[in-house]
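Undergrad: All the letters of the sequence shown, read from the start, carry residue numbers 483 to 1321 under my numbering.
Glycine residues also receive a C-beta, built at the ideal position from the N, C-alpha and C atoms.
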Amino acid sequence: MIDRGLVIGDVRQAARWWAANGSCAMPDRDALEAAVDASLSMLEGEAAPADEQRARFCVVTKGPHLRNEQALACLMARLTAFGVHVRLLRRIVGTGDAIVQALYPLAVRYFDHRPTTPAQWDLLAHRFDTAEFKKIFGRRYDPDLVIPASTAIRENRLTAGDLTAIWETGRDPIHRATLVARYGATVAPFVLQGADSYGWFRGPLPLGISRIASSMTAFALRHERLYGGEPVILMNGHVPALAHLFAPAAWVLDLGIARHGAQIDAVRSAIAGADGRPERCLAGSIRRDAIDGRLPLASPDPVTSRNNLLHCSDGLLIGAIETRALVPEQADRGDLLTEELDRAGLTRAEIERIVLQDPRVRPRHPDGHLSDVTRGVDLDRCVAEILTAVPPIFGVENGYADGLEFDVFDRAISAALTATTTVVGAARPEPAPVTVPVRHTGRDAELGRRAIADGTVAALVPAGGTGGRFGGYGVPEADPARQKALRRAFLVSERQCSSLDIRLANLRYWADGERDRLPVAVMASPTSETALRQWRDRLDEPFRKSLRIFTQHGVYRIDRSLAADVPRRRWVDAVLRDSAGRPCLKPGGTLNLWSCFILAGLLDAWEQRGIDFLASANGDDAAYRLNPAAIGYLARHPGVDCVLVGIPWGYTATIRRRGRELPIRGDLSGWTMDEAGLPVDEPVPDAARRFDAGGAICHEIGHSGEPCLRIGQPPHPPQTLFNTSQLYVRLSAVRRAIERTGTTDPLGAVRRLVAGQSFAIENKTVVVDGETVDARQIHQPLHGILSWFDRCDVLTTTRRIGPTSWGSYAPLKEPTDQHFVQLLLNQLQAHGDSLVFAD
């Protein structure tokens, strides 16, 4: 039978301490009695009143002290009087293992695994790599001495109880006899300094139990049952004993706090006690009042730093995680924190499979998990910290990741985490049938001119690349030096031009003075968008207003230095981040050109405008010129959906001429050019040739037995062409690909198309906080679009410039390309280039 008067007296006494400590104002008598009555009603089985607009956290009772209803009523009344809403009371019966896994997942992780980040190893070295350690243990600290306790149990044929007994000796002082027996007669005086014993629980020397970081404790010792008495540093050996604190039963209180009411740090300090050592907690808290005799307890057992009555969530994020784990049937019940994250744009998958997995977000910080950076803060700060580390990626705020669904990305990046292959994800789709080679005719050129004049052709310009080889991987990706399509590196018609300036001049030529005859859209990335918009603002009309910039969106990539040590293949712990925890995002590949094109509404808009054909080439390809014959070829062959432009494989080389090293360019057609723009007479040995890096246009027999087109990977296979990424596409074929997905919803269709493609793995060097970092990322190459089409044909271009040339292929890949691109531009101008610049 619960003594109501005793509960009222207890909560009134606690409230006086709260007021004295400045934790909250003293509640009036009616409020205190209402808190007591609400608690007693719940203990009698009545449901708590509905109150969904609160952030969830939990309190779980430990040991025997709060197991009876009288003590539990005092705890609940204190919480309610302080402004905490008790949503649910649950008694969990069992061994306590499930509770330990729910409340201490990181402690369990480091019971099973060695440290996983450089920061944790640095802390271990700071604690143990000292002269004192060598003097005590007779050897220097070595990371190989660090052993997870579960490994020690297995390797030394111990039981969990045996290990616990050894660990518990570290809580009491070690005496002279033991020091002499295990460490030697010369070590004992150094440790004891004249005393009879040494308190090695968190003592000053690198001997005994030390707290290393959040959820990580190390015990440096010698013991005859561990590795024959050799030195060892045990990790988290306290974990097996934790379960006993919650057995045979424990009470779980599912709690909630309002946005502007009592905050989580105040609840911990004023109600639970913020320190695990009760004597260091505030008066008025459960832990302090228990040892001071002010709280009715269910057991006379001593209250200690281990048996310290209760566990209380120390943050709103960890509170949500713990409560969901302990009361799983209430996981979908309203929670203010997750509702705020949903309103901020995170998808349910991002909330449940990233945020609520408590990822490591500051890998170079010892307490770097998301629960660490949100510990003790209010709701608004908690939401802000979470969104810094886990911004919306897969929802509307980030363009739905250009159609890449979380589940698809999750499978691909998990496979790529430690993959040794270069491709992960979906099986390669059957490529489109192809006729190779094909030639265009004068009739095709005339048909193409007519289509342009009729306003049925539009231009797509991908300009989202990060230009690492050109601007340098040691330069940040947004640095102007890496915006190669915008570098004014060329002299054309007596003016300094960028590749994009030249592209616009070519489109002006075909517009022939007609405003907005040939619509243009440029695809940016987050690192190039600002610079591209500034460039557009300086254009002449109609391009200044009509040129459309649409942006591809970034997804996570991996820090390769973390990938190998991530437990259980949790890629969320190995995301590449800056020192503030912000993820460094990378768009998902050149296939994004088409998924972005659809999701940006350009397909619908250009269909309504009457566009039939799209011409696309990378923005840094300075020698590309719109080829009317390729457009006409599509017009003359209605069964062809796409024309892909190939070129003989190009190479760079160095030859020796007149006693000096001379850089040259060449390709497998026999074309060569020296630094003066002249053909090279000397033979170029195969061993001296460094071929372009990129895709090979391969012809093979598909499952149907018909010739098919596929873009392979280097090295350059024989009898193939190099893929220039110059494409001419029938717009209706893109619409047909969408319709074949079985949904009329553009987003749903794009997601299905993207999910059907495999992912290539790339290892890149990037700059984060001014330092170079090895990153791993996944992307979907442009050639994935070929599987969307019924037939793709290949036209061949050349680097041999003549009177009938419709441009060539000259991208900026490396700084040395700039000179040779200028030489090709000079040749195009000499033969009457198809460019019109603004006045």
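Can you name the start and end residues of the beta strand (DSSP E) that Glu1244 belongs to?
TA: Mapped onto the sequence shown, residue 1244 falls at position 762. First-last of the beta strand (DSSP E) with Glu1244: Ser1240 to Val1250.
Undergrad: Under the rule that 16 or more other beta-carbon atoms within 10 Å means buried, what is Asn880, buried or exposed?
TA: Taking the sequence shown and counting its residues from 1, the one referred to as residue 880 is at position 398. Buried, because 16 or more other Cβ atoms sit within 10 Å of the Cβ of Asn880.
Undergrad: Identify which residue in Thr668, Ala1111 and Ala894 has its Cα closest to the Cα of Leu1126.
TA: Translated into the one-based positions of the sequence shown, residue 1126 becomes position 644. If we check each option's Cα against that of Leu1126, Ala1111 comes out closest.
Undergrad: Could you name the residues that DSSP lists as bridge partners for Val1002?
TA: To locate residue 1002, count along the sequence shown from 1; it is residue 520. The partner list for Val1002 (beta bridge, DSSP) reads Ala941.
Undergrad: What's the C-alpha gap between Arg776 and Met558?
TA: Taking the first residue of the sequence shown as position 1, residue 776 is located at position 294. Taking the first residue of the sequence shown as position 1, residue 558 is located at position 76. Rounded to the nearest angstrom, the two C-alpha atoms are 16 Å apart.
Undergrad: Taking a contact to mean a Cβ-Cβ separation below 8 Å, would you say Asp1047 touches Val1250 in this structure?
TA: The residue given as residue 1047 occupies position 565 in the sequence shown. The residue given as residue 1250 occupies position 768 in the sequence shown. Not a contact, by the Cβ cut-off of 8 Å.
Undergrad: Just the Cα atoms here: how many angstroms apart are Asn1205 and Val1162?
TA: Here residue 1205 corresponds to residue number 723 of the sequence shown, with the count starting at 1. Here residue 1162 corresponds to residue number 680 of the sequence shown, with the count starting at 1. Those two C-alpha atoms are separated by around 25 Å.
Undergrad: I'd like to confirm the pairing. Which residues does DSSP put opposite Phe1173 in its beta bridges?
TA: As a first step, residue 1173 must be located in the sequence shown, where it is residue number 691. Per DSSP, Tyr1133.
Undergrad: From the DSSP output, read off the bridge partner residues of Val575.
TA: In the sequence shown, the residue the question calls residue 575 occupies position 93. Answer by DSSP bridge pairing, in chain order: Ala731.
Undergrad: Give me the Cα-Cα distance between Ser1214 and Asp1102, rounded to the nearest whole angstrom.
TA: Counting from 1 along the sequence shown, the entry for residue 1214 is found at position 732. Counting from 1 along the sequence shown, the entry for residue 1102 is found at position 620. Looking at the two C-alpha atoms, the distance is approximately 27 Å.
Undergrad: Measure the C-alpha to C-alpha separation of Glu928 and Thr1254 and round it to an integer number of angstroms.
TA: Translated into positions along the sequence shown, residue 928 becomes position 446. Translated into positions along the sequence shown, residue 1254 becomes position 772. The straight-line gap from Cα to Cα measures roughly 52 Å.
Undergrad: Look at the Cβ atom of Val1002, then the Cβ atom of Leu1029, and state whether they are nearer than 8 Å.
TA: The count along the sequence shown starts at 1 and reaches residue 1002 at position 520. The count along the sequence shown starts at 1 and reaches residue 1029 at position 547. Yes, these two residues count as a Cβ contact at 8 Å.
Undergrad: For Thr1280, write down the residues that DSSP places opposite it in a beta bridge.
TA: Mapped onto the sequence shown, residue 1280 falls at position 798. Thr1280 pairs with nothing; no bridge assigned.
Undergrad: Go to His793, then tell me how far its beta strand (DSSP E) extends in each direction, as first and last residue.
TA: As a working mapping, residue 793 is identified with position 311 in the sequence shown. His793 -> beta strand (DSSP E) spans Leu792 to Cys794.
Undergrad: Any beta-carbon of chain C closer than 8 Å to the one on Arg846?
TA: Among the chains of the structure shown, chain C does not appear; only one protein chain is present.
Undergrad: Return the chain-ordered ranges of every alpha helix (DSSP H) run that is complete within the segment 602–687 and spans a minimum of 4 residues.
TA: 613–619, 631–637, 642–650, 658–665 and 669–674
Undergrad: Considering only C-alpha positions, which residue in the set Glu712, Leu838 and Asp862 is nearest to Val852?
TA: For the purposes of this step, residue 852 is taken as the residue at position 370 of the sequence shown. Checking the sequence, you will find Leu at residue 852 rather than Val. The residue with the shortest Cα to Cα distance from Leu852 is Leu838.
Undergrad: Which term fits Ser1287, buried or exposed, when burial requires 16 or more other beta carbons within 10 angstroms of its beta carbon?
TA: In the sequence shown, the residue the question calls residue 1287 occupies position 805. By the 10 Å Cβ count, Ser1287 comes out buried.
Undergrad: May I have the straight-line CA-CA distance separating Ile694 from Leu606, to the nearest angstrom?
TA: Here residue 694 corresponds to residue number 212 of the sequence shown, with the count starting at 1. Here residue 606 corresponds to residue number 124 of the sequence shown, with the count starting at 1. Those two C-alpha atoms are separated by around 7 Å.
Undergrad: List the endpoints of the continuous alpha helix (DSSP H) containing Tyr1210.
TA: Position 728 of the sequence shown holds residue 1210. First-last for Tyr1210: Leu1203 to Arg1212, but that is the beta strand (DSSP E), not the alpha helix (DSSP H).
Undergrad: Thinking just about the alpha-carbon of each residue, which of Ser980, Ala1062 and Arg1039 is nearest to the one in Val1248?
TA: In the sequence shown, residue 1248 corresponds to position 766, counting from 1. Nearest option by C-alpha distance: Arg1039.
Undergrad: Go through its chain and collect everything with a Cβ distance to Arg970's Cβ below 8 Å, but skip five positions before and after it.
TA: On the sequence shown, residue 970 is found 488 positions in, with the first residue counted as 1. Excluding positions up to five away in sequence, the list reads Gln978, Cys979, Ser980 and Asp983.
Undergrad: The alpha helix (DSSP H) spanning Val749 covers which residue range?
TA: If you number the sequence shown from 1, residue 749 lands on position 267. Note, Val749: alpha helix (DSSP H), Ile746 to Val749.
Undergrad: Roughly how many angstroms lie between the CA atoms of Ser767 and Gly491, to the nearest whole one?
TA: What you label residue 767 is simply residue 285 of the sequence shown in a count that begins at 1. What you label residue 491 is simply residue 9 of the sequence shown in a count that begins at 1. Their Cα atoms are separated by approximately 15 Å.
Undergrad: For the 8 Å Cβ check, are there 3 or more pairs between the segment 1226–1245 and the segment 1064–1083?
TA: yes
Undergrad: Hey, how far is the Cα of Arg999 from the Cα of Ala1219?
TA: For the purposes of this step, residue 999 is identified with residue 517 of the sequence shown, where counting begins at 1. For the purposes of this step, residue 1219 is identified with residue 737 of the sequence shown, where counting begins at 1. Taking the straight line joining both Cα atoms gives about 27 Å.
Undergrad: Is Pro760 near Arg770, with beta carbons less than 8 Å apart?
TA: Position 278 of the sequence shown holds residue 760. Position 288 of the sequence shown holds residue 770. Contact flag set, yes.
Undergrad: Count the CB pairs spanning the segment 622–638 and the segment 593–600 that are closer than 8 Å, and state whether there are at least three.
TA: With a cut-off of 8 Å, the segment 593–600 and the segment 622–638 count as touching, because enough Cβ pairs lie within range.
Undergrad: According to DSSP, which residues form a beta bridge with Tyr1106?
TA: Looking up residue 1106 in the sequence shown gives position 624. In the DSSP output, where bridge partners are listed per residue, Tyr1106 has Gly1289.
Undergrad: Note the first and the last residue of the continuous alpha helix (DSSP H) segment covering Ala530.
TA: Counting from one through the sequence shown, the residue named residue 530 turns up at place 48. Ala530 -> no alpha helix (DSSP H), and no H or E assigned at all.
Undergrad: Can you list, in chain order, the residues of its chain with a C-beta nearer than 6 Å to that of Pro597? Leave out the 5 residues immediately preceding and following it.
TA: Looking up residue 597 in the sequence shown gives position 115. Cβ neighbours of Pro597 beyond the five flanking positions: Trp603.
Undergrad: Helix, strand or coil, according to DSSP, for Pro1069 in the structure here?
TA: Counting from one through the sequence shown, the residue named residue 1069 turns up at place 587. The three-state reading of DSSP puts Pro1069 in strand, counting E and B together.
Undergrad: Mind checking whether Phe876 and Ala883 have CB atoms under 8 Å apart?
TA: Walking along the sequence shown from the start, residue 876 turns up at place 394. Walking along the sequence shown from the start, residue 883 turns up at place 401. Yes, Cβ-Cβ distance for Phe876 and Ala883 is below 8 Å.
Undergrad: Taking only the alpha-carbon atoms, compute the straight-line gap between Val843 and Arg653 and give it to the nearest angstrom.
TA: On the sequence shown, residue 843 is found 361 positions in, with the first residue counted as 1. On the sequence shown, residue 653 is found 171 positions in, with the first residue counted as 1. So the alpha carbons of these two residues sit roughly 33 Å apart.
Undergrad: On a CA-only basis, which of Asn1109, Lys544, Ile1093 and Tyr1210 is nearest His726? Give me that one, please.
TA: In the sequence shown, the residue the question calls residue 726 occupies position 244. Of the candidates Asn1109, Lys544, Ile1093 and Tyr1210, the one whose C-alpha sits nearest the C-alpha of His726 is Lys544.
Undergrad: Measuring alpha carbon to alpha carbon, tell me which of Ser697, Met698 and Val714 ends up nearest His705.
TA: Position 223 of the sequence shown, counted from the first residue, corresponds to residue 705. When only C-alpha atoms are compared, the closest one is Val714.
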